[in-house]
Amino acid sequence: MTGAAVESLDALVIGEALVDVLDDGTSTTEHPGGSPANVALGLGRRGLDVALLTDLGRDARGSRIVHHLERSGVRVLTGSFSDRPTSTATATMREDGSASYLFDVQWNPGAAPLAVAPALVHTGSIGAFLSPGRATVLAHLDRLDARLVTFDPNIRPALLGTHLETIADFEELASRADVVKMSDEDAEWLYPRLSPTEVGERVSALGPRLVVTTLGADGALLVAQGIAVSVAAAAVPVTDTIGAGDTYMSSLIADLLAADRPLDRSTIEVLGVRAAGAAAITVSRAGADLPWATDLATAALPSFDAIGGRAPAVAHP
1 MTGAAVESLD ALVIGEALVD VLDDGTSTTE HPGGSPANVA LGLGRRGLDV ALLTDLGRDA
61 RGSRIVHHLE RSGVRVLTGS FSDRPTSTAT ATMREDGSAS YLFDVQWNPG AAPLAVAPAL
121 VHTGSIGAFL SPGRATVLAH LDRLDARLVT FDPNIRPALL GTHLETIADF EELASRADVV
181 KMSDEDAEWL YPRLSPTEVG ERVSALGPRL VVTTLGADGA LLVAQGIAVS VAAAAVPVTD
241 TIGAGDTYMS SLIADLLAAD RPLDRSTIEV LGVRAAGAAA ITVSRAGADL PWATDLATAA
301 LPSFDAIGGR APAVAHP
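The UniProt record's numbering applies: residue 1 is where the sequence shown begins, and numbers increase by one.
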């Protein structure tokens with residue numbers, strides 16, 4: 001950006017923020033949500049310097065989301081506001097604690113160049129696929145040239161085009177990313193004939209240095225540079241699963257930003273165990289109540305110091 005001061009950030013998240021309307025079968029409540037916004041919130045609660053570019057209305061719901069994010073240390077960039085109403089996602093809880101969703105979403109964030117220089121850019125979910133905003137996401141990725149790019153597709157079939165179109169969009173973004181995290185539901189929808197291991201290998205072949213597939217109660221599979229590591233889920237009572245994947249993503253981002261260690265088997269395992277432990281805190285609480293740094297400090301998570309260094313570096317090519 002010519003003539004404007006550029007501010008360094010730990011992370012910039014680009015993607016939707018919306019209101020989650022939660023129907024638990026007996027009552028309906030509203031909570032700020034959206035997968036990318038939750039990732040930003042998780043990073044802010046860990047003490048990182050994080051900003052969010054999103055698409056919010058200048059309405060009561062939009063104001064509530066901004067207040068919620070700012071209380072957790074997230075700055076919402078000025079290009080995030082329009083006169084359109086704030087988007088909503090209605091989640092209906094199932095008996096097993098999972099949720100089905102109905103969306104009323106618009107996605108068209110500000111396209112002007114951003115006066116920020118983030119070390120990492122994260123994107124995903126609706127914001128990575130829905131037009132016209134998808135083109136804006138790609139343009140920002142090209143301009144920002146961050147050291148790290150992370151991507152979580154968080155597939156929402158009701159808002160997508162054809163399977164063929166979505167695969168092409170997914171693989172284009174995955175090829176630009178250093179880290180891709182998927183749920184088992186994402187992987188099955190994208191590549192229905194492949195096992196989780198085969199999905200990890202296929203997505204790794206697109207270029208990411210680390211590909212993670214979370215498997216619910218079966219833990220997660222992490223694939224990096226030909227190394228595949230399975231990590232068990234932390235055993236905790238599950239209140240609901242909202243925000244679990246976003247917590248996992250926030251943990252990966254925070255640890256990868258922490259600096260310089262190769263992705264060997266031990267490091268990959270610690271990444272996975274720490275992310276699983278963080279997600280366990282979230283699923284033990286109602287709603288997308290991601291952990292604060294103080295929660296994580298008392299969770300007895302493993303340290304990278306035990307394997308001879310700090311967290312890994314995954315340099316953007």
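The beta carbon of each residue, even a glycine, is placed where N, CA and C say it ideally should be.
Should residue i go down as buried or exposed, given a rule of 16 or more other Cβ atoms within 10 Å for buried?
i, result
"H67", "exposed"
"G47", "exposed"
"H163", "exposed"
"T86", "buried"
"S100", "exposed"
"P153", "buried"
"V19", "buried"
"V6", "exposed"
"T54", "buried"
"D178", "buried"
"D161", "With the sequence shown as reference, residue 161 is identified as Gly, and Asp is not the correct amino acid for it. Exposed: under 16 other Cβ atoms inside 10 Å."
"R134", "buried"
"V39", "buried"
"V236", "exposed"
"A11", "buried"
"D246", "buried"
I need the straight-line Cα distance from residue i to residue j, nearest angstrom please.
i, j, result
"S27", "A115", "43 Å"
"D184", "P132", "27 Å"
"A17", "R64", "11 Å"
"G33", "I242", "10 Å"
"T123", "I307", "30 Å"
"G62", "A217", "34 Å"
"L120", "D145", "9 Å"
"P291", "M249", "12 Å"
"R176", "L56", "26 Å"
"P196", "L221", "7 Å"
"E165", "V199", "18 Å"
"T78", "A112", "10 Å"
"V229", "T214", "12 Å"
"V21", "T88", "7 Å"
"residue 388", "L206", "Nothing about residue 388 can be reported from this structure: the residues present for the chain run from 1 to 317 only."
"V137", "S266", "34 Å"
"A174", "V180", "7 Å"
"A158", "W107", "15 Å"
"E201", "A60", "45 Å"
"R261", "F304", "9 Å"
"S251", "G226", "22 Å"
"V149", "H140", "12 Å"
"L301", "A234", "11 Å"
"L69", "R143", "25 Å"
"V13", "R193", "32 Å"
Can you tell me whether DSSP reads residue i as helix, strand or coil?
i, result
"V137", "helix"
"E16", "coil"
"E95", "coil"
"G57", "strand"
"I155", "coil"
"P32", "strand"
"G245", "helix"
"R84", "coil"
"A40", "helix"
"S8", "strand"
"I307", "helix"
"A111", "coil"
"A177", "coil"
"A235", "coil"
"D24", "coil"
"S125", "helix"
"V76", "strand"
"T282", "helix"
Among residues of its own chain, excluding the 5 on either side of residue i, which ones have a beta-carbon nearer than 6 Å to its beta-carbon?
i, result
"A286", "T239"
"L102", "T90"
"P317", "Caution applies to P317, whose pLDDT of 44 falls short of 50 and renders its modelled position unreliable; the model cannot decide the point."
"I155", "D186, W189"
"G97", "V238, D240, T241"
"L9", "D49, A51, V116, P118"
"A279", "A244, T247, Y248"
In its own chain, which residues sit with a C-beta less than 8 Å from the C-beta of residue i, not counting the 5 before and 5 after it?
i, result
"A224", "S204, R209, L210, V211, L263, I268"
"S125", "G15, E16, G34, S35, P36, D152, P153, N154, R156"
"D83", "G57, R58"
"T29", "V21, L22"
Note down, in chain order, each residue of its chain lying with its Cβ closer than 7 Å to the Cβ of residue i, except the 5 sequence neighbours on either side.
i, result
"V231", "G219, A220, L222, E269, G272, V273, A276"
"D24", "M93"
"F170", "P153, L190"
"A299", "G277, I281"
"residue 319", "The requested residue 319 is not part of the displayed model; the chain covers only 1 to 317."
"A254", "L43, R46, L48"
Roughly how far, in whole angstroms, is the beta-carbon of residue i from the beta-carbon of residue j, given that I think they are within contact range, below 8 Å?
i, j, result
"A244", "T282", "5 Å"
"G44", "S72", "4 Å"
Should residue i be listed as close to the ligand COA, given that the test is whether its C-beta is under 8 Å from any heavy atom?
i, result
"Y101", "Judged by which ligands are present, the structure shown has none, so any question about the ligand COA falls away."
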